[in-house]
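Written out below as structure tokens is the structure these notes cover.
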Amino acid sequence: MGGTYLLSRAPGELGTHIALTTARLTAGDAIACGLADHFIPSGRVPAFLAALAAGPLERALEEFTEPAPESALLAQKGWIGDAYSADTVEEIVSRLRDSGIPAAADAADQILAKSPTAAKVTLRSLRRSRDLDSLEEVLNQEYRVSSACLDSHDLVEGIRAQVVEKDRNPAWSPATLEAVTDEQVDRFFAGLGAFELGLVPGGHTHSSITLGNTQELSSVGEGKS
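So for the sequence shown, the working numbering puts the first residue at 124; every next one is plus one.
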């Protein structure tokens, strides 16, 4: 939760590219996009955790944080911005294919392999998140979208194709971007009435939100219901 908040605030259109292609990121990419703050090589993580247990966080970070590797994704910010600034997924794919850049053509293929409905819902989520002022408002939106996804054909079909039967050949419905209507996308953002998440900007501290969940998890761990 909160992914669209971070991705919508990444430099340029990098977040849109990541969301629509589900691109794999390096440590340098993650830091350049604002998805992480510090880089600690994996080989130093055990020692970092030991230092964290023994002393202040700031001291451990100062000792173990290293300069982040360069971001290959950030170096491609130009063509990514040119393509993903389009208003629709169809136009984004068209710009990617017309760019003459091999990495852009690969990105277009990756988008077209995904659920057309999910691609359009993702783009709208990012655009709307960019205009929302607070994390709480974005989380409320993500909750509505996630709730609608649970009742969608393509979620079930994706699980079937990737996890159950593993034929890697999902039959999306609708099958193309052009066939997905605005009304179908609207459904993912509809209000939930009494079932809204209902977070209020500035209305909760982190501890007040997580306390109940911690208690519930403790009860589950102890076998209580």
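Cβ coordinates follow ideal geometry from the N, Cα and C atoms, glycine included.
Per DSSP, the beta-bridge partners of E189 are F162. V303 sits in coil when the DSSP states are folded into three classes, being neither helix nor strand.
For T240, the enclosing alpha helix (DSSP H) covers residues P239 to D254. Contact between A231 and V212 does not hold, since their C-beta atoms are separated by about 10 angstroms, which reaches or exceeds 8 angstroms.
By the Cβ-count criterion, F311 is buried, with 16 or more other Cβ atoms from all chains shown falling within 10 Å of its own Cβ. Remark: C-beta atoms of H161 and T188 approach each other more closely than 8 angstroms. In the three-state DSSP reduction, I224 falls in the coil class, being neither helix nor strand. With a 10 Å radius around the Cβ and a threshold of 16 neighbouring Cβ atoms, K289 comes out exposed.
Counting along the chain, the unbroken alpha helix (DSSP H) around G126 starts and ends at G126 to L130. When the beta-carbon positions are compared, K200 and G135 come within less than 8 angstroms of each other.
R247 sits buried, since 16 or more C-beta atoms from the chains shown fall within 10 Å of its C-beta. DSSP places R267 within a helical segment (H, G or I) once states are collapsed to three. Residue environment for R267: buried (at least 16 other C-beta atoms within 10 angstroms of its C-beta). For T149, there is no enclosing alpha helix (DSSP H), as DSSP marks it with neither H nor E.
Ranked by how close their Cα comes to the Cα of L322, the residues E259, A271 and S275 have E259 in first place. CA-CA distance, P293 to A170, rounds to 44 angstroms. The shortest CA-to-CA distance from T139 to any of L278, L219, P225 and L273 is the one to L219. Shown here for R291: same chain residues with a beta carbon closer than 8 angstroms to its own, the five before and five after excluded, namely A284 and Q285 in chain order. Rounded to whole angstroms, the gap between the alpha carbons of A302 and D256 is 32 angstroms. Annotation for D210: no alpha helix (DSSP H) segment contains it, and DSSP assigns it neither H nor E.
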